[in-house]
Each structure stands twice: as structure tokens, then as C-alpha cells.
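K.L.:
Count along the sequence shown starting at 1, add 198, and that's the number in my numbering.
We treat Cβ as the ideally placed atom computed from N, Cα and C, and that holds for glycine.
Handing you a structure now.
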Amino acid sequence: MSFADEPSSNGQALLEVNDLYTTFDSDRGKVQAVRGVSFNLQRGRTLGVVGESGSGKSVLSRSIMGLVPPNAHRTGSVRFEGKEILNASSNEMRSYWGDQMAMVFQDPMTALNPVLRIGAQITESLHEHIDLSKEQASGMALALLTSVGIPEPKARLRQYPHELSGGMRQRVMIAIAMACGPKLLFADEPTTALDVTVQAQILDLLRAQQAERNMAVILVTHDLGVVAGRADDIAVMYAGQVVEKASARSLFSAMRHPYTEALLQSIPKLEMPSHSRLQAIGGRPPDLVDPPAGCKFAPRCPYAQENCHAEEPPLIADPNDATHLYRCWYPVGTPAAVPAHETTVLEGPAEVDA
Ligand SMILES: Nc1ncnc2c1ncn2[C@@H]1O[C@H](COP(=O)(O)OP(=O)(O)O)[C@@H](O)[C@H]1O
Ligand SMILES: [Mg+2]
């Protein structure tokens, strides 16, 4: 199944992910980090991937890019411009990294080389992919820094990462990611380490770069608030699975999965007095080595019935909207939904400060 709203002129999505599984060998057994994920992404579009920490968002991104450690096993299919790349060698993938797909990480400090000047880091990635003279490369580095809104770009080229603020470092990372004009950008919690105003600036910058280049973006975040108004489509992940997938409009107006509902309730709202308490989701995500038999969210779900613990719900389409998919026996807001009952065990009530 796919998001295929408006296929490109030749009818082919930029990225097609089909039934992707990623499993890690570990001392405790097999960690099932990504389980049966499918989606299509068109050029220029944004897919938001949302879920709590540990839900498999980063492993999903890295599995698509082919950036997985040796203890990872992947099955399924990943097609980029129609070409299967899941089993491509690192050597083959190298021609995709930077050129075709790039990634911006949560913590730019670990992704940047601390002993290399900013200018050198940008020109290095340019030289790796494009045949440019030294002058051309430094000219392009300057243009890139300017385009990501870094003040005094000429002086910055000679600075080291530690001399820049977190927001400026993230701008540099975006400039590096943009260097070769990728068609697909993975932004993995790109603003989680930044304060709120800088967050908005960086997200706006990403959006501007995306529009200018008709780039597809996979925006990964634990915060539904970050993808609101920024993603065309949203996939909600829980315990390695997509539990709900829809256009952003449909997801926010008529969410079906109780986990999505809980995520939404944990977003701070502007009208809340400061220091008011946010509702966090009670309980913990399941053990990915030995996940529960039924719905993976059932142990934490206020609506769970007996069969939810025994039988895993399949990913089905909403009867009124074939593009809205969810994995739930008692979807929120439908006649099948039942009110929360007292016997449900919630390890809580967990609350966190806003
Ligand atoms: N190299 C690895 N070996 C074993 N388990 C891993 C490895 N990398 C990630 N995992 C596990 O995969 C699960 C998903 O991780 P991750 O994708 O990083 O979560 P998220 O990005 O949603 O916070 C986690 O339980 C994590 O511990
Ligand atoms: Mg992550």
C-alpha cells in the first residue's frame, strides 16, 4: 500500500519501500527493530515519521540508506527511482550517499569533524562527489553557507565546529547535506537538540531548501508538533511497525490509533499555562526481542479489549478513506471504538513537566 497521491509524470515514486524488516543479532536474541514497513514517497513531498524513542525511526532511515551495522539483517524491498537497492553493496551505495540521498542528524557536533574547519568539511564532501577545481569548490561552499542563512559566511568557513552555536552547526550540516543536490533528505530529529525558536528557524530553512530543489524529505521526530503543518503525509511508528499512516490533514482531523491520540495529547499547547503538566503516555514500549503476541500497544492502551492482547491487528484502510491506514481493532472515533474501562492496567499515571 502507498501514499501515492500524485504520481510523478512517469508514474513512479522516488522511493518505494515494501515490507521492510530490519533485525539485529544481540546477546539477548534477535531485536526486531523494523517490522513490515511499506510506503511510497514522491519527489518534492515530505513524509513525517513519528514515534517515541526506540520505535525504530532511525533504524528505518538507516535501513533505507544502507547505513546499517554488520549485525543487522534486512529483508523486503527498497526501490530508489525504480532500482532495487536493499542488497546493494556499500560500494554501490556510495554513489547514492550525498548525490541522491543525504541525512541530517540530531547532533551536528558528532557528525562534524571537530578538527576540520567548516570550509574544508564542505569542500571535502563536494570533491567526493563532483569534479570541481579548488576555486570552484570554495566558491560553492561560500554559496551554500550563504543559502543556509549563516551570517558572515566567509569568516565562518575558517572556523571550527566548536566555535559555532548549535543552530549554526545544524545550518552547516544542512549546507553539507545540500552540497550535491540530493533528491531525498532524511532529517532525523534535526531540531531535538535546539531551543524552540532556533528549531522553527531550522525547520523553515529545511522547507525552503526542499521547495527550491523539489527534494523529497523524510522528517523523523518523536514530536507530532514538529510535523504538524510541515509533512504531507505522516507515518506513526510503534515497536518497529507503522501503526497509522495518512495524509497530515486526515491524521490530525480524524486519527484512528489510540497511540496517535496519546502522542497528540502529549504535545504542549500554547494556551497552556507554563509549568502546567503534560500528559505523558503511561507504561513503556515493549521488548523488541520478545514483543507481546497481540497488538503491541495493547498493554498501554486505555481502550484495549481481551482480543487486543491475543490477536495482532492488520494494517487496514479506513472505510471512508482508502489512503488512511491503521492497525487497530477498536479505532478511535469509529462505531467499533469502545470507551476506556477501569480494568485496563496503565503503569502510570506518568506525567512530565511541560
Ligand atoms: N546496532 C544495534 N544493535 C541492536 N539493537 C539496535 C541497534 N541499533 C538500534 N537498535 C534497537 O532498535 C530499536 C529502534 O531503535 P531506533 O531506530 O534508534 O529508535 P528511534 O530512532 O525511534 O528512537 C531500539 O530498541 C534499539 O535499541
Ligand atoms: Mg532515532
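(1) Got a sec: does ligand 1 put a non-hydrogen atom nearer than 7 Å to the Cβ of L461?
(2) Please say whether V248 and V440 have beta carbons closer to each other than 8 Å?
(3) Compute the Euclidean distance between the alpha carbons of V215 and T395, then round it to the nearest angstrom.
(4) Flag this pair as touching only if the stretch 371 to 383 and the stretch 342 to 359 have three or more C-beta atom pairs under 8 Å; answer yes or no.
(5) Mind checking which residues open and close the beta strand (DSSP E) that includes E442?
(6) Compute the Euclidean distance between the alpha carbons of P306 and R369, then round it to the nearest angstrom.
(7) Under 7 Å: does the beta carbon of S256 sit that close to some heavy atom of ligand 2?
(8) Using alpha carbons as the reference points, say which of F450, V257, Q399 lies closest to L422.
(9) Is the CB-CB distance between S261 and L213 below 8 Å?
(10) What does DSSP give as the partner residue(s) for A270 in the beta ladder?
(11) I'd like the span of the beta strand (DSSP E) that includes I416, first residue to last.
(12) Since G280 contacts Q357 with CB under 8 Å, what's their CB separation in whole angstroms?
(13) Extract the residue ranges of the alpha helix (DSSP H) inside the stretch 288 to 327, only unbroken runs of 4 or more that lie entirely within it.
(14) On the CB-based measure, 16 or more other CB atoms within 10 Å of its CB, does P533 come out buried or exposed?
(15) Nearest-angstrom Cα distance between E545 and C499?
(16) Tell me which residues share the same chain as Q298 and place their Cβ nearer than 7 Å to its Cβ, disregarding the 5 neighbours each side in the sequence.
(17) Would you please state the rounded distance, in angstroms, between the beta carbons of V415 and L403? I believe it to be under 8 Å.
(18) Does the stretch 221 to 234 touch the stretch 265 to 274, meaning 3 or more C-beta pairs lie closer than 8 Å?
(19) If you drop the 5 nearest sequence neighbours on each side, which residues of the same chain put their C-beta closer than 8 Å to that of G514?
(20) Locate the beta strand (DSSP E) running through A433, then write down its first and last residues.
P.N.:
For this structure:
(1) no
(2) no
(3) 34 Å
(4) The stretch 371 to 383 is in contact with the stretch 342 to 359.
(5) 439 to 445
(6) In this model, P306 and R369 are separated by some 9 Å (Cα to Cα).
(7) Flag set: Cβ of S256 near ligand 2.
(8) F450
(9) no
(10) F222
(11) Where I416 is concerned, the enclosing beta strand (DSSP E) stretches over 414 to 419.
(12) No, G280 and Q357 are not in contact; Cβ-Cβ is about 42 Å, not under 8 Å.
(13) 288 to 292, 306 to 309, 316 to 327
(14) exposed
(15) Residue placement at E545 is poorly supported in this model, since its pLDDT is 44, which falls under 50; the coordinates are not used for a value here.
(16) F278, P380, K381, L382, listed in sequence order.
(17) Contact flag wrong, Cβ pair sits at about 12 Å.
(18) yes
(19) Here the sequence assigns Ile to residue 514, which means Gly is not the residue at that position. L523, Y524, R525.
(20) 431 to 436
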